[in-house]
Amino acid sequence: MRRSLAPSQKVRRDDSPASPLQTSVESRVLNGFILPITIAPKRARGRSSDDRETKRKPLTQCKSQLLFVSDHEELIKKLSRPFKCPIPNYEGCNSTKNLGIRKTKVKRALYDPNMPNALVLYTPPEMTEHEKLKNEGPLLVHVVVDPLLGNILRPHQREGVKFMYDCVTGVQIPGSYGCIMADEMGLGKTLQCITLLWTLVRQGPEGKSTIEKAIIVCPSSLVKNWNNELNKWLKGRLQAMIMDGGADGKKKLQQFMRGQGRTAIPVLIISYETFRMHADILHTSEIGLVLCDEGHRLKNCENQTYRALMGLKAKRRVLLSGTPIQNDLLEYFSLIHFVNEGLLGSASEFKKKFENYILRGQDSTATDLERQHASERLKELTDIVNKCLIRRTSSLLTKYLPVKFEMIIVCQLTPIQRQIYLNYINSESIKRTVRDSEDSTGTSFSSLSSITNLKKLCNHPDLILDKIREGSEGFEKSRSLLPPSGGDKDVRPELSGKLMLLDCFLANLKANYNDKIVLVSNYTQTLDLFERLCRKRGYMYVRLDGTMTIKKRAKVVENFNNPESNEFIFMLSSKAGGCGLNLIGANRLIMFDPDWNPANDDQAMARVWRDGQQKPCYIYRFLAAGTIEEKIFQRQAHKKALSSTVVDMNEETARHFSVAELRDLFRLEETESDTHRRLKCKRCLNKIQIKAPPEEADCTDDLSQWHHCWDKKGLADMVLKQIWDMSKYISFVFHQRSAKQESKPQKCFEEEEAEVPEKQEDSDYEDKDDDSDYSG
């Protein structure tokens, strides 16, 4: 057979038999590389496998390919440029990689503690480099308030934030993490608490967040207000879940409690009522911080809301209340017990150790030994409480606000009022009510009803006109006393001493001054009376009570505060608008009737003297002389003295009224002022003030340090001085001014109550014409 003429066969055919081990090389070029393979000749294939082993050589690059790759690389190098950072003078921490041990990342504070005006809440202990290496614990850093907030805080607010931070981190009381922010109204409690919350959420001594979740509990009418405040001060940096009682409330709460990590919502804003309803969900996991606004709602440790909040798994608790003591010391104990459980022992232990001694020492009939014991127990109590409670008075505002004048105007009853009043308190039904009240430990429904009738009679007989006409119990002899009425739209100022004074006051103010005024009452019936008077005199007015929606309130308030608006009078129900309103468009306010709780009156009177006010302010309180109104006012003074003694540590508060005197409600005192008579004032003689009060005294002091006037001489208010003689029924006036200004009023941040809530969810703003706060 003819051999193949293939090249490989040619090679084999030409092989010399003399060289059996001579190899034939087949060259293949694969992708530019020469693959040399040495193959044994055909005749040698029958030999051993070692002899036939294929021998391989390393891969070598083709010469032509080497030239091509080299030229290409040179071209790329010419076209390429080294990376240059666009940030001037930037030095990256990872710009070079060095061999050796990796350096530990250095922890740093979130904000520079050395920058101007920095508010440093925590400073780590100083350590040498050697001590840092030996330290087995975490490396600690400074905690500095965000300059966004730190730069707008006033000095007293910086102090408050530092105090609260020390409390919630266990510095003030080791093992306890709660506190009470008890600043008076207008000092910025909300802003201080927002600063604390933002700091805890963002940073801590270990370089990470101190808390992951926080709950803000407040009245339902302030839920959206809190969200507005967070957005206003933090510019949207902190997300909050608003729990407004919707249908999906349970689902939202479960979502909040389960949330973790960066996607979780850190803050929940919820009302007291909603918290109580969903307490089982809110008790399921840990909460870093709970803030309770209007915390005096927790004054009763036996109610369900208190118990629901006590069950919350939150060791850090902050309670906000401008009035931590409203009625008695046991309420004060409840608040302290909530923030720091067990600090004052149990309720019975507190009463036995502190309350009984302090109250006995406050009584006007107390002996020197009883006062000494009270002073000792008071000092012991304040030493404990001051570690977790901070309180500053509104006197701090004098450097930011115009001067304020307060006047307590005592008015005589008209002859018709007096006769109806005497007939009522001397009736058999009232005598029976008084006997029952003295024999019982509590206050009966009949006595509360009688008190309400007397309070309304002091305002105007028309408020109880139906009962008088029907000859109801106690009014049997008064049916013929009232003159015929001109109808429901008619108003008869001449039947009430206080309303006659108000009528003269408004007429003089409207004619001679360019001031707006706020009229406040506890009764919507009294507001109806004001409306009829305004329509009769042709005054422009606006009225705000519990029937007005929250959204409409905002528009009404904004329009009234506009200097160009025509409204002269703003009528306000104290129950509906005592909190949360900024009425700086007016600089005069009249409290037409007193409330049993001094905190309610103080809230209402603070609507005009607040940030943004540019005019001197005048606050007037009307009281019917010798009546139940003066006794209510005396009880207010007693409660304020208790608060001043325990909270404000003012041991010099005068002991004016005994408990027996305060229970003597159903009597009409024949005097110009029963309050002044009971003061036993040593500065007045024969209806003349012979000694002026101390020069440093102001309107926050006790009434004994106010000016006492039986005539118009010495009055600072020209409006009142001009109508003194015309009104006929003014019998006595207490008056005093705020502390002297240290500087001109400064325009500064808006207060925490300045925002008006947007939606009414429950009965927080309802008008309640009753005496539910009364305690005898």
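Using my numbering, read the sequence shown as starting at 5 and increasing by one per residue. Glycine included, every Cβ here is placed at the ideal spot set by N, Cα and C. Values in this document were obtained by computation on a predicted structure and should not be read as measured data.
Where F572 falls: helix, strand or coil (DSSP): Of the three classes helix, strand and coil, the one that applies to F572 here is coil, per DSSP.
Which residue's Cα is closest to the Cα of P151: A122, Y126, T132, L707? Checked all of A122, Y126, T132, L707; the closest Cα to P151 is A122.
Near Q264, what residues of its chain come up, given a Cβ to Cβ distance below 8 angstroms and the 5 sequence neighbours on each side ignored? For Q264, same chain residues with a beta-carbon under 8 angstroms away, outside a window of 5 residues either side, are E216 in chain order.
Helix, strand or coil: how does DSSP classify Q726 here? In this structure, Q726 counts as helix in the three-state DSSP scheme.
Among all the DSSP beta bridges, which residues are the ones paired with S525? Answer is S577.
Going by alpha carbons, who is nearest to I273 out of D549, K239, N231? Checked all of D549, K239, N231; the closest Cα to I273 is N231.
For L144, which beta-bridge partners are listed by DSSP? Paired residues: none, contrary to the question.
N-terminal and C-terminal residue of the beta strand (DSSP E) that F626 is part of: In the DSSP annotation of this structure, the continuous segment of the beta strand (DSSP E) that includes F626 starts and ends at 621-628.
Nearest-angstrom Cα distance between N601 and T127? So the two alpha carbons sit approximately 43 angstroms from each other.
For V221 and P142, I'd like the C-alpha separation in whole angstroms. If I take the Cα positions, the gap works out to 34 angstroms.
Rounding to the nearest angstrom, what Cα-Cα distance links E353 and E359 in this structure? The alpha-carbon of E353 is positioned some 9 angstroms away from that of E359.
Which residue comes first and which comes last in the beta strand (DSSP E) that contains Q740? Element bounds for Q740: 734-741.
Pick helix, strand or coil for K136, following the three-state DSSP scheme. Looking at K136 - three-state DSSP - the assignment turns out to be helix.
What's the C-alpha gap between N797 and I632? In the structure as shown, the chain starts at 5 and stops at 780, and residue 797 therefore has no counterpart that could be examined.
If the criterion is Cβ atoms closer than 8 angstroms, does the pair Q740 and D702 meet it? In this structure, D702 lies closer than 8 angstroms to Q740 by Cβ.
Leaving out five residues on either side along the sequence, give the residues of the same chain with a beta carbon under 7 angstroms from the beta carbon of G154. Closer than 7 angstroms at Cβ, skipping near neighbours: N121, A122, L123.
Checking the sheet assignment: what are the DSSP bridge partners for S275? Under DSSP, the beta-bridge partners assigned to S275 are C222.
Exposed or buried, K635, counting other C-beta atoms within 10 Å across all chains shown (16 or more means buried)? Its Cβ being crowded by 16 or more others within 10 Å, K635 is buried.
Tell me which same chain residues have a C-beta within less than 7 angstroms of the C-beta of H4, skipping the five on either side of it? One cannot answer for residue 4 here, as it falls past the ends of the chain, which runs 5 to 780.
Nearest-angstrom Cα distance between S577 and E674? A straight-line Cα-Cα distance of about 31 angstroms links S577 and E674.
DSSP-derived helix/strand/coil call for V175: V175: coil per DSSP, three-state reduction.
Exposure of R614, with buried meaning 16 or more beta-carbon neighbours within 10 Å: Under a 10 Å Cβ-count criterion, R614 is classified as buried, with 16 or more other Cβ atoms of the shown protein chains found around its own Cβ.
May I ask which residues mark the beginning and end of the beta strand (DSSP E) holding G182? Unbroken beta strand (DSSP E) run through G182: 182-185.
If you reduce the DSSP assignment to three classes, tell me which class V294 lands in. V294 falls in the strand class under three-state DSSP.
E410 by DSSP, collapsed to three states: which one? The answer is strand: DSSP assigns E410 an E or B state.
State yes or no: is the beta carbon of K356 nearer than 8 angstroms to at least one beta carbon in chain B? Here there is only one protein chain, and chain B is not present.
Given 8 angstroms as the limit, is there contact between the region 559-573 and the region 482-502, that is, 3 or more CB pairs closer than that? No, the region 559-573 does not touch the region 482-502.
Tell me where the beta strand (DSSP E) around Y545 begins and ends. From DSSP, the beta strand (DSSP E) with Y545 extends over 545-548.
Nearest-angstrom Cα distance between G346 and E210? In a straight line, the C-alpha of G346 is about 29 angstroms away from that of E210.
For V343, which of helix, strand or coil comes out of DSSP? DSSP places V343 in helix when its eight states are reduced to three.
Exposed unless 16 or more other CB atoms sit within 10 angstroms - verdict on N463: So N463 ends up on the buried side.
V271 versus L201: straight-line alpha-carbon distance, rounded: Those two C-alpha atoms are separated by around 9 angstroms.
With 16 other CB atoms within 10 Å as the buried threshold, where does S180 fall? Using a 10 angstroms sphere on the CB of S180, the tally of other CB atoms reaches 16 or more, which defines it as buried.
Tell me whether N518 is buried or exposed, calling it buried when 16 or more other Cβ atoms sit within 10 Å of its Cβ. With fewer than 16 Cβ atoms within 10 Å of its Cβ, N518 is classed as exposed.
Counting only the same chain and skipping the five closest in sequence on each side, list residues whose C-beta sits under 7 angstroms from that of I434. Exclusion of the five residues before and after I434 leaves Y428, S454, G478, F670 as the residues of its chain whose Cβ lies within less than 7 angstroms of its Cβ.
Among K493, F572, G208, the one whose alpha carbon lies nearest that of L111: First, the residue type needs correcting, since residue 111 is Lys and not Leu in the sequence shown. Residue G208 is the option with its Cα nearest to K111.
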